[in-house]
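Residue numbers (the UniProt record's numbering), protein chains in the order written: chain A, 1 to 701; chain B, 1 to 701. Cβ coordinates follow ideal geometry from the N, Cα and C atoms, glycine included. Note that the structure is predicted; figures quoted are calculated from it, not measured. Worksheet: one structure, shown below.
There are 2 protein chains.
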Amino acid sequence: MLERLFSPKSIAVIGASRTEGKVGYATMSNLLESGFAGPIIPVNPAGGELFNLPVYTKLADYPDPIDLVVVAVPAEQVPAAAEEAVRKKAGAIIVVAAGFREAGRQGRLIEDELIEICRKGGVRLLGPNCLGVINTAINLNASFSKRIPQAGQLGIFSQSGALCTAMMDIADERELGVSKAVSIGNKADITEVDILEALAHDEETRVIVGYLEDISDGDKFVKAAEKASTRKPVVILKAGITVAGNRAAASHTGVQAGKDTAYGAAFKRAGICRADSFEALFDYATALALQPTPKGDRVLIITNAGGSATMSADAVEKAGMSVPLLTPDLEEQLRQHLPPSAFIDNPVDISAAAEPRHYAAAIDIAVAHPDIDSILIVLAPQYMTEPAATVRAIVAHLDETIPVIASFLGGSDIMPSRKELAAAGLPFYDSPERAVGALKAMHEYGVWKHRPARHVVRFPVNRRRVERIITRRQHTNRLRLGEVKSKDILKAYGFQILPGRVTTSAEEAVEIARFIGFPVALKVISPSIVHKSDLGGVRLNLGSAQEVVDAFDLMMLRINKHAPNAIIGGIYVEKMAEKGLEVIIGMTRDPQFGPMLMFGLGGIFVEVMKDVTFHLAPITEDEAIQMLKSTRSYELLQGKRGVKEVDLHAIAVALQRISQLTTDFPQILDLDINPLIVGEIGNEPVVVDARMTFAALPEEQ
Amino acid sequence: MLERLFSPKSIAVIGASRTEGKVGYATMSNLLESGFAGPIIPVNPAGGELFNLPVYTKLADYPDPIDLVVVAVPAEQVPAAAEEAVRKKAGAIIVVAAGFREAGRQGRLIEDELIEICRKGGVRLLGPNCLGVINTAINLNASFSKRIPQAGQLGIFSQSGALCTAMMDIADERELGVSKAVSIGNKADITEVDILEALAHDEETRVIVGYLEDISDGDKFVKAAEKASTRKPVVILKAGITVAGNRAAASHTGVQAGKDTAYGAAFKRAGICRADSFEALFDYATALALQPTPKGDRVLIITNAGGSATMSADAVEKAGMSVPLLTPDLEEQLRQHLPPSAFIDNPVDISAAAEPRHYAAAIDIAVAHPDIDSILIVLAPQYMTEPAATVRAIVAHLDETIPVIASFLGGSDIMPSRKELAAAGLPFYDSPERAVGALKAMHEYGVWKHRPARHVVRFPVNRRRVERIITRRQHTNRLRLGEVKSKDILKAYGFQILPGRVTTSAEEAVEIARFIGFPVALKVISPSIVHKSDLGGVRLNLGSAQEVVDAFDLMMLRINKHAPNAIIGGIYVEKMAEKGLEVIIGMTRDPQFGPMLMFGLGGIFVEVMKDVTFHLAPITEDEAIQMLKSTRSYELLQGKRGVKEVDLHAIAVALQRISQLTTDFPQILDLDINPLIVGEIGNEPVVVDARMTFAALPEEQ
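Right, dumping it as C-alpha cells:
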C-alpha cells in the first residue's frame, strides 16, 4: 500500500532550486542530506547543476523510471507539474505548496484540476499544502522538515505540517523514534484512511500516532481504524472540538469538523486511544510502544515514600482504575523480601531504605501474581536513593505479561536519562498522574481488543411498509413526520404503540375511547403546531365520555382562537400509557459517521443535566447495554431510589430496533422517541410520542 | 516569625557523626557545604573532631548562644537532646528522626514527651520525621537533602520529606529557584499555619508552594491562608483525596485526612490555587511567579500554524475561558503589522512566514487593547521558525499589565533553553493544555483577589429559644431531633413553617385539620421509625374530615402491625405545602473546618446526580448565590424547561440563616432541610421536612 510513496526507488523534485529558503531548495537538500540511496533527480526549466547533480529541464528527459515526484512549485504551476509526473508514470506525487482549497475559490479550482489529473493518470497524490513524507528505514526525507528523526517505533501522520514536525521532535526527545511520518495536508487524494491502512501493515511501526482536525469519509475511517487497531494501537488527537477550536480549524482547512460526540462514538467503535492533549498523545504512545497491554485495571503501586504513595494512589483512583488491597499471600511474599521499615500495603512503600534489589523483588512477586494487572513505580528522591541503579534493577525484571511504567519525581539531573530508560523499554513520566493516564489508555485499549465478537441482531420487521411511507412522503416533499405517522413506522419495526385513532368529531372521539377503553389522551394532529402542549393541544387521563367531549371542544376552541390558521389534521384519541420510567431514544444521522443513536432518561436528565450517551449504528445487544450503563443516571434504571427496576433488556432491544431501522433507511435523517415508557421486567416499553425527518429527494438534473 | 528557625545566627547538631550514611553526618556535611556563615557546632558524647571542627560532648559546653539545634539522633534519644536545647535557650529545634507518632503507640508517647519539653521550654519544634529547613538567602541547608537549590522565588513547604526534595529539584529545573524550603513532617509543633504566616511575610518569597495530606487546625489554616493569599499566590497540592489515597496517607501519617469536599470549600474560601497534580503545582507556580494576574478570562492566542491554533483554541475553551472574536479595531491593527499570509482571527495565526518582529507587534497591540486579558503564544516548529530570536522578541515586549505565557511544541533541542526563558520571565509549557491550565489558575486567583468585600448579614432571630431546646436535649441525651422540634428551631431562625400540631386521636386530628384548613398531611412522630414513608407513616393531601380519620386509623393499624414496639409520639397534622420547586439545604460540621453548608435540588438531583455544592459558613449573600449558580441544575432555578422562575434571593437567605444558626450553635452537628419548597419571587420558601443532630455533652470528669 502506497509502496511507491513510502519506499520509492527513485525520486524527482520538480521545482528544485538553488535559492536557499525556497521549498525547492529545502526539499533537495533534505533528500540529499538524509542519505537516501536511490537516484534523486532535480528538475527545473533553468537546467544547470544543483548540489553537484545535473538539473533536468523537464522530467521527461530523465531516461529511467521515477517512483515519487515531489512538486515544489507555487500552486498555479502545480497542475502542469502533475501532468509531467503522470506522463512519466510516477507512482506518487507530493505537492508541498499551499494556496489551494484552504485559500478560497481560486485555490479550490486548482485543487480540483490537480485531483482530476492524478485520478485520470492513476497517480496517488499527497497534499497539497503538506510537509511531505519521511521513511527512516530507507533514510527518506521527502519533506521540507529540516531534520529526519531517528528510526523507531512510531508511525506518525498529521493533518498539520507544523505539528507533524513537532511530533517528530517529541518522538526523538522521548527516544522512541519514528518509522514513517506523513503530513496529509489538504487530503485531496491520500487521506487518513490510506495512511491508517499503510501504517497498520508497516512492520516497522509499532504504534500509530495521529493528529486530525476532520475526517474525510467517516465510514471508511471507522473501518480502516478498526482494522488498524486490531493489529496495533492507534493514538489520535482530534482537534477542533470546541466552538473556538472548530472556528480555527475551519479557517485554515476550509472544512467544518462536525460534532465531537460523533467523533467520540466513532473513535470508541474503532478502538482508537483518544488523546485529549498534545502531551497525552505521546504519553499514551510511549507506554503502548514499550509495554504489553494490561489484562485489567488493578494497579500495584511501588514507591519509596509516603507522599508519593498517597499522591499515586489518588491518581489511580481518580482515573477510575483500582488500587486493590493486597491479598494475604502477596503481603506475605512482599514482607519477606522488603526491608522492615517498608509499609506493606498497596501502595507498597518500601520507605527511604529502598535499595534497587527491593524494587526488583517486588516486581518479580507482583508479575507472578494473578491479582495484579499492572505495576506503577514512583520514585521520590531521598538521601539514599540510587536512581540509575534502581532503573537497571527494574528493567532487568521487566516482563512481557504485565506492563510496568514509572514516574521519577524531581529534576532530571539526578535522574537517569530518558535515553537510558527508553532504550531499556521502561515508559517514564514526570508525574504519577501522567503515568496513570497512560495506564488507563492501555487498559481501555486492552478492553477493546478483548471485546466480545460483535453480533448485530436482525429482528423480523415490516420493511416494505416503511419503504412505502418514506417514498410517498419524499415524493410529496412532506419530510417531517408527526406522532401518528412516526408511530406507524415504529410499529412496523416491532415497537409497541398504544391503540388509538384520529377523528374530527367529539362524538367519534367518545366512540373511539369506548372502543379502546378509558382512560384516554387527546392530542391535536397538526403539521403547523410544533409545541402542541403550549396551545392546550394535549389532554391526558380522560376517564369518561363527558371528559372526552369537554376536552375535545375546549381543544378546538383554544386552537381556533390562538392558532386560527393552523392546519388541523384532526384529534388523535389514544389509550393512556401505564406509568413507568420515561426514557428518550433518538438518532441523528451524522454527515460523517452515519446514524448515531442517543439514549437518556427523559425530561430534565436529557434537557438540563445533558446526561446522554451516543453510539454509532449498527449496535449490538452488548453495546446497547453499555450505553445504558454509561449514563450518570443508570442507578435509576436499576430500581433504586424508590423506582422499580426496569427492563434493561427491553430498552436495549428498542435501541437495536432503531439501529436496524436507521441502518435500513438512510433516508431517515433524525428520529426521536420521547418518551418511551419502560416498565418492569417482562413489560414491553411503549412509545408515547415520536417524530422523525426524512431527507429530501435529490433535485432532478 | 520563626526567625531563629529560618535565619539562625548559630547552629548546633546534636548527634553529629563521622559515619557516612548517618543523618548526623549528612546534616553536618550539608550545613558546611552550603556555605552558612555562622558557627556550626557539632555535639556528640564521643567528642573529638569532625570536618576539622571540635566536637562538644554536650551542648552546654559551648559558651555562646545557639539559635537552632538540629537533633540527629534516633527517636528514643530525642527527648534528652531536646532538654539540652531547652537548657541552652535555643530558638528552634529540628528533629529529623522517624519513629514517632507515625510508628504507633510507643512513638506517640515519645512525641508527646517531646512536645511537652519544647512547649515548657518555649522552643519551637520542626518535625519530628522531617527533612529540615533550607534558606537560600543565607546559604542555610539545615536538612539531610543533599543539595541546596538555587536562590529564587518559591517558598516551598511539604508534609512529605521526599516530595520536599522533589519540589526543590523541580524548582531548580524550571529555573525558578527557592527562597525557603521546609519539611514539616509530623507537625508536632510547627504546622502549615506557622509556615504560611512566615512565608507570607518573607520578602524573598514570591509564590508559596505546598504539599499537604492533612491540616492540623482548619480554622487557623483558613485564616492564615487567606492572609497569605492576599499578599502572594499560594499553590497547594492536597493529596489523600480518594479512598486509596486516604488509606495510604493514614498508614504513614497516622492521621485521617477528612473529606475532600471540605478541603475544597476551605481552599476556595482562602484563595488557594489548588493543584490537581504534581506537575500542576509547578505549572501554576511558574506563571504566578513570573507574570501579572489577568483581569479577566479573555485570551488572545498568537501562533504560527493552523494545527497549533486549533489545538490551543480547544484548550482555552475546554478550560472554561474565552477566545473572544477580534474587535474590528484590533483586527485592523493586527492586519497592518502581520504578513499577508496571516489569518487575522483569534487565534492569530501569523502563518509559517512568522518572524520574531511579528510576535512583538502582535503583543504590543494586544497589551494595549482593553478587550484582551491575557496572551498565549504557541510556537510550532516550521522550516523558517527562529525560536531563540522569537523568544528574545517576545520577552522584550512583555508588560506588567497583561500576562503572557508560552508553549513551544516539539523537542527541546530546537527550542531555547528553559534557563533563558525563565530568566527572561516568560512562563513556558510543553503543551498548550498545560499553559492554559496555568492561565486558568491565574485567572481564578485574580477573581479571588478582587472579590467583593465579605459582608455576612445577621438576621434578627430568637436565639434563646434555640439555646433552651439544645440545652434540654443535651441534658437528656436525646440528640437526634425529628421533624417537629427541628422545625421549632428553624422557626426561631426565621424560617416559614406550615401550621400544624401533634395529636394522638383521630377526632382531634380532624379538629386540627379544620382549624388550619384542608388539605392536610399526617405524619407519624416516632424517634424509633426512621423511614416513616416506608411504613405508611406519611399521608399527603387529605381533603376532608373523613379522609383524615381514615388515614389516621390506617396509619395506627399499619404501625401497630409492622412496628409494634415503636415509640409513637403521636401524629403530626400539618397543612399541605403549595407546589413549588424542592431544594435541599444541609449542613455538616467538618471536624477541621466547621460548619459546611450544602445546597442542591431535591430528589434525584442530589441522590442520583450528586449535583450539590458546598460552602463554609459563615456565608455572604453573594457566596450563597454563587452556590446556587455552581450546580449543574441551576438552569431549573432560572425558570426554564416549563418550571417557573423561583426566588433565588429567598434560597440565598435560607442558606444565610442556616449559616447563622450553625455558626451560633457549634452544638449542632448536622442539619437537613429536605425539602425546602421554593416558590416564585416574593413567596417565602417553606420547610416541609427537617432533621438535625446535636453533639453529646462532654462526659463529666
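Exposed unless 16 or more other CB atoms sit within 10 angstroms - verdict on residue i
i	result
Met598(B)	buried
Pro233(B)	buried
Gly667(B)	In the sequence as displayed, the identity of residue 667(B) is Gln instead of Gly. Gln667(B) should be labelled buried.
Arg147(A)	buried
Val71(A)	buried
Asp329(B)	exposed
Thr136(B)	buried
Beta-carbon neighbours of residue i, restricted to chain B and to distances below 8 Å
i	result
Leu636(A)	Ile604, Val608
Thr165(A)	Ala380, Pro381, Gln382, Gly410
Lys146(A)	Tyr383
Gln159(A)	Gly307
Assigned secondary structure, residue i (DSSP; H/G/I helix, E/B strand, else coil)
i	result
Asp64(B)	coil
Met28(A)	helix
Ser431(B)	coil
Gly155(B)	strand
Arg174(B)	coil
Leu554(A)	helix
Asn674(B)	strand
Thr588(A)	strand
Met609(A)	coil
Phe51(A)	coil
Glu444(B)	helix
Ser312(B)	helix
Thr503(B)	strand
Ile619(B)	coil
Chain B residues whose Cβ lies nearer than 9 Å to that of residue i
i	result
Met598(A)	Correct list: empty, because the minimum Cβ distance to chain B is about 18 Å.
residue 711(A)	Only positions 1 to 701 of chain A appear in this structure, which leaves residue 711(A) out of reach.
Contact test: residue i Cβ vs the ligand GTP heavy atom, cutoff 7 Å
i	result
Ala81(A)	Summarising the ligand content, the structure contains no ligands, and the ligand GTP is consequently not present.
Partner residues on chain A for residue i, Cβ-Cβ distance less than 7 Å
i	result
Arg632(B)	Met609
Ile310(B)	What sits at residue 310(B) in the sequence shown is Thr, not Ile. Under the 7 Å cutoff, chain A gives Glu213, Ala239, Gly240, Gly245, Ala248, Ala249.
Residue i: first and last residue of the uninterrupted alpha helix (DSSP H) it sits in
i	result
Ala181(A)	Run containing Ala181(A): none in the alpha helix (DSSP H); it sits in the beta strand (DSSP E), 178-183.
Arg147(B)	Run containing Arg147(B): none; DSSP gives neither H nor E here.
Glu192(B)	192-200
Residues near residue i by beta carbon distance below 8 Å, same chain, minus five either side
i	result
Met321(B)	Asp297, Arg298, Val299, Val436, Leu439, Lys440, His443
Thr57(A)	Val43, Asn44, Pro45, Ala46, Gly47
Pro74(A)	Ala97, Gly99
Other residues of its chain near residue i: CB distance less than 6 Å, five sequence neighbours each side excluded
i	result
Val373(A)	Strictly speaking, residue 373(A) in this sequence is Asp, with Val absent from that position. Cβ within range, chain order: Pro294, Lys295, Gly296, Arg298.
Phe36(A)	Asn139, Leu140
Bounding residues of the beta strand (DSSP E) (the contiguous stretch that carries residue i)
i	result
Val133(A)	132-135
Leu542(A)	538-542
residue 703(A)	Here chain A comprises residues numbered 1 to 701, so residue 703(A) is not present and cannot be evaluated.
Val209(A)	207-212
Under 9 Å by beta carbon: chain A residues contacting residue i
i	result
Ile170(B)	Leu409, Gly410, Gly411, Asp430
Val323(B)	Thr242, Val243, Ala244, Gly245, Arg247, Ala248
Asp373(B)	Neighbours of Asp373(B) on chain A: none; closest Cβ ~15 Å, over 9 Å.
Ala313(B)	Ala239, Gly240, Thr242, Val243, Ala244, Gly245, Asn246, Arg247, Ala248, Ala249
Under 8 Å by beta carbon: chain A residues contacting residue i
i	result
Asn304(B)	Ala162
Gly425(B)	Per Cβ cutoff of 8 Å: no residues; Gly425(B) is ~21 Å from chain A at best.
Partner residues on chain B for residue i, Cβ-Cβ distance less than 7 Å
i	result
Lys318(A)	Thr242
Ser277(A)	Ser431, Glu433
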